[in-house]
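The opening residue of the sequence shown carries number 197 in the numbering used here; numbering runs sequentially from there. From the three backbone atoms N, C-alpha and C, an ideal C-beta is built for every residue, glycine too. The structure displayed is predicted, hence computed values, not measured ones. Working notes, beginning with the structure itself.
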Amino acid sequence: MKRENSNKSYKKALELFPRGVNSPVRAFQAVYGYPIFIVRGEGSRTWDADGNEFIDFCCSWGPLILGHNNKYVREKIIETTLNGTSFGTPTMQENELGELILKNNSKIEKIRFVNSGTEAVMSAVRLARGYTGRDKILKFSGCYHGHVDHLLVKAGSGLATFGESSSAGVPQSFAKETIVCELNNKEAVEKAFEEFGNEIACILIEPIPANNGLLIQDKEFLEFLRGITTKNGSLLIFDEVISGFRIGFEGASGYFGIQPDILTYGKIIGGGMPVGAYGASREIMSFIAPEGPVYQAGTLSGNPVAMAAGSAQVTQCLEEGFYEKLEKKTHKFVNEINDFAKANDFNVKVFSVGSIFWFAFTDLEKVQKAEEIDLQSMEIYKIFHNELLERGIYFAPSGYEVGFISAAHTEEDLKITVNAVKESLEVALKN
């Protein structure tokens, strides 16, 4: 595979940006080689600066559920842009997308649009603190909620601990307001509430953690979190930046049949444009400025281009059988690979939920905690990723990241990919 133009572009990028990228995982440090520079996408495919063609399972990290350059989304973006890109005022496009979401998602009664998933979660936590009058939050190791100071926190030693900052530049005083527990550890959560129950504003969790592997949780654990927050006057926040509108229109909350107090969503509601959102009941959302005392604002929040793209995408997701077809494709893809791995006694499993999947080099029947991920498996993934890339298959450049199947992936795409995966596994596991 030719990489001259991508390599040349990356060397130039190294002069301009930290490690040549504007988001860390893109630097290919968790796999082999330099990153590839994508110049075009169409349907299930992307093309790089050297003309190499890939079947893409990254899908811009999930939002492109319809595939690249969807005709209806593209036309809406062009149509809207012809009238201007941003006004800093209310627009009809905001009303259209807001109504589409609220009419078809029973989990929230009001919504506020922002510009990213990080911003959505940051605002949701502030809302929980403002609503409860409490300061502490409880989160889980293995869940990622964006690069906000009080969320870039990892667990210390002990069952339920005050966190330690996981990034330079995050004051320890911020971390002291964050309690970190292991996923699926009821005892740790109970201990935290015994000690700090009247200080905890919220529990924040990815109901389907998908930023550190695909750590599918038991419904019983999520129901336990719902119960203990209600009992203690705390709020339950579901971070559905990845799972929302991806595994179903109501995301993981609909999948598990659980009603959180606040939900957060990401770029999938904007057709891949820069957008995020958080929503809750009318009562809780009444605390948001200018209606209430919790301040949150954004010049580009609800900008017409992102809103129009979102309406175009969401409308297509509402078509009858849309999510069922995606899940059926994903199940077939995953089952073929798992059957092959089992028949060849390969130490790999593919886990999936909805149209999200993850390759885990493990002998465990399920992986539900970050602590259960074998670090050695990341070395295997490096080889696996490189072999796939050489065969024209683009997976995320990190073994901790999940993959996505879109409506644009055809049976032929998946057949080609299954064969490439089989060949790549044979090389990776033998090495």
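(request) Return the CA-CA distance between SER256 and GLY468, expressed in angstroms with no decimal places. (result) 7 Å
(request) For THR328, I'd like the list of residues in its chain whose CB is within less than 8 Å of its CB, leaving aside the five on either flank, ordered along the chain. (result) ALA397, CYS398, GLY429, SER430, LEU431
(message) Helix, strand or coil for GLY599? Go by DSSP, reduced to three states.
(response) strand
(request) Output the residue ranges of the alpha helix (DSSP H) runs that lie fully inside the segment 414–439 and measure 4 residues or longer, sorted by chain position. (result) 415–428
(message) Could you tell me the alpha carbon to alpha carbon distance between GLY229 and GLN572, rounded to whole angstroms?
(response) 19 Å
(request) Go to GLU523, then tell me how far its beta strand (DSSP E) extends in each direction, as first and last residue. (result) Here GLU523 belongs to no beta strand (DSSP E); instead the alpha helix (DSSP H) covers 518–539.
(message) Give me, in chain order, the residues of the same chain whose beta-carbon lies closer than 8 Å to that of ASP331; leave out the 5 immediate sequence neighbours on both sides.
(response) ARG325, GLU373, GLU395, ALA397
(message) Could you compute how far the alpha carbon of ILE569 sits from the alpha carbon of THR558?
(response) 8 Å
(request) For ARG442, name the three-state secondary structure that DSSP assigns. (result) coil
(request) With a threshold of 16 other CB atoms inside 10 Å of the CB of GLN509, please say whether the residue is buried or exposed. (result) buried
(request) Identify, in the order they occur along the chain, each residue of the same chain with its Cβ nearer than 6 Å to the Cβ of LYS198, setting aside the five sequence neighbours on each side. (result) ASP246
(request) Would you list the residues sitting across from ASP570 in a DSSP beta bridge? (result) Note: ASP570 sits in no beta bridge, so no partner.
(request) Identify, in the order they occur along the chain, each residue of the same chain with its Cβ nearer than 6 Å to the Cβ of PHE420, setting aside the five sequence neighbours on each side. (result) LYS382
(request) Please confirm whether VAL598 and ILE443 have their CB atoms less than 9 Å apart. (result) no
(message) In the DSSP output, what is VAL549 paired with across the bridge?
(response) ILE552
(request) Go ahead and pull the three-state DSSP assignment for GLY475. (result) strand
(request) Have a look at LEU278 and ASN499 and give me their C-alpha separation to the nearest angstrom. (result) 14 Å
(message) Measuring only the C-alpha atoms, how far is SER363 from GLY472?
(response) 24 Å
(request) Measure the C-alpha to C-alpha separation of SER482 and ILE261 and round it to an integer number of angstroms. (result) 32 Å
(message) Let's see if you can read the secondary structure: which residues bound the beta strand (DSSP E) around TYR461?
(response) 458–461
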